[in-house]
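Enquirer: Shown below is the structure under consideration.
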Amino acid sequence: MFARLLSPLLQLFYPHCCEICGEELSPTDNLLCLHCRDNLPVTNFHRYEGNPVAHIFRGRLDIAHATAAYYYSKSSGLQLLIHHFKYRQRKDIATWLGTQAGYMLKECNWITEIDMMVPVPLFPRKEKQRGYNQAMLLASAMAGVINRPVLPRALSRLQYTDTQTRKGRISRWDNVKDVFKADPALLTGRHVLLVDDVITTGATTEAAGRALQEAGATVSISCLAWAFG
């Protein structure tokens, strides 16, 4: 009762603003205003096979399916949202975006093939510094929509690696090869949906997917965003 009475007063002095444009939100909006939400760059890759994300791995990794929910570009509203949940402790943004991606996954004609979801892991020291693994937050939110278990311990990262952001294609691969280890006891004979935040060259996702395959899993891939161009 008290909280309900206090809410309008708090809204007056501390209005909720859109995370992208900064405009004040209406009481029914969450995180984004209607304009910014409607203008998030949805790929619709979940609607068709042979999409650009699947093409990245052709001849490199034998995957069953692949998709990404959004297009990622520098200085975009989506980049701002991803930066906030990766580096500013905004776990609520990761949960919201992961939920939207989950609704897209639910429309995939192959989603019934998936047995479990596995997030791309961080090195333990890096996860401790950040306080969480953003891929785990995304996977958990997606799982809440598609009703699949998330098994973070099925895949581990054995080495600390530098950020991939400023590396070229070859350097990215050299940076992550042989850094993942998967648990065959959890994975043999299972179809795994590997989850990550942003895919660029696919080097990290490929290395993680290869470890899952070597442990006996069939691999499909779902990333929040594809950095095209």
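Residue numbers for the sequence shown follow the numbering used here, beginning at 994 and rising by one.
We put the beta carbon where it would ideally sit given N, CA and C, even for glycine.
Remember, it's a predicted structure, so these values are computed and weren't measured experimentally.
1. Taking C-alpha atoms, which residue in VAL1188, VAL1185, THR1194, THR1198 lies nearest to VAL1172?
2. Look at the alpha carbon of SER1068 and the alpha carbon of LYS1084, and state the distance between them as a whole number of angstroms.
3. Pull up the DSSP beta-bridge partners for MET1110, would you.
4. Using the C-alpha atoms, what's the distance from ALA1208 back to LEU1018?
5. Under 9 Å, do LEU1027 and LEU1033 count as touching if we go by C-beta distance?
6. Under a Cβ-count criterion, where at least 16 other Cβ atoms within 10 Å of its own Cβ denotes burial, should GLY1043 be classed as buried or exposed?
7. Rounded to whole angstroms, how far is the Cβ of ALA1201 from the Cβ of LEU1148, which I believe are closer than 8 Å?
8. What residue from HIS1039, LEU1205, VAL1143 has the CA that sits closest to GLN1093's CA?
9. Mapping DSSP to helix, strand and coil, what is GLN1157?
10. Thinking C-alpha only, which one of ILE1139, ASP1176, CYS1029, TRP1089 is nearest THR1105?
11. Kindly indicate the opening and closing residues of the alpha helix (DSSP H) around TYR1096.
12. Does the separation of the CB atoms of ASP1055 and GLN1206 fall below 9 Å?
13. Go ahead and pull the three-state DSSP assignment for THR1198.
14. Looking at the structure shown, is THR1036 part of a helix, part of a strand, or coil, going by DSSP?
15. Could you have a look at GLU1042 and say whether DSSP puts it in helix, strand or coil?
16. Residues in the same chain with beta-carbon distance under 6 Å from ALA1059, minus the five sequence neighbours each way, listed in chain order, please.
17. Grab me the residues of TYR1125's own chain with a C-beta within less than 7 Å of its C-beta, minus the 5 sequence neighbours each way, in chain order.
18. Assuming MET1097 and ARG1141 are in contact, meaning their beta carbons sit under 8 Å apart, how far apart are those beta carbons, in whole angstroms?
19. With the cut-off set at 9 Å, would you say ARG1123 and LEU1115 are in Cβ contact?
20. Considering only C-alpha positions, which residue in the set ASN1102, ILE1049, LEU1090, GLY1195 is nearest to LEU1071?
21. Alpha carbons only, please: which of ASP1031, ARG1051, ALA1136 is nearest the one belonging to VAL1185?
Expert: Taking the coordinates as given:
1. THR1198
2. Those two C-alpha atoms are separated by around 21 Å.
3. VAL1143, LEU1186
4. Each residue's alpha carbon lies about 47 Å from the other.
5. no
6. exposed
7. 6 Å
8. Closest by C-alpha distance to GLN1093, out of HIS1039, LEU1205, VAL1143, is HIS1039.
9. For GLN1157, the predicted model reports a pLDDT of 49, less than 50, meaning its position is unreliable; a value from the coordinates is still stated below. Look at GLN1157 here: in three-state DSSP terms it is coil, with no helix or strand label.
10. ILE1139
11. TYR1096 -> alpha helix (DSSP H) spans 1084-1099.
12. Yes, the pair counts as a contact, with Cβ atoms nearer than the cut-off.
13. helix
14. coil
15. Here GLU1042 carries a coil assignment [DSSP, helix/strand/coil].
16. VAL1046, ALA1047, ILE1214
17. Spatial neighbours of TYR1125 in its own chain (CB-CB distance under 7 Å, excluding positions within 5 residues in sequence) are listed in chain order as LYS1084.
18. No, MET1097 and ARG1141 are not in contact; Cβ-Cβ is about 14 Å, not under 8 Å.
19. yes
20. LEU1090
21. ALA1136
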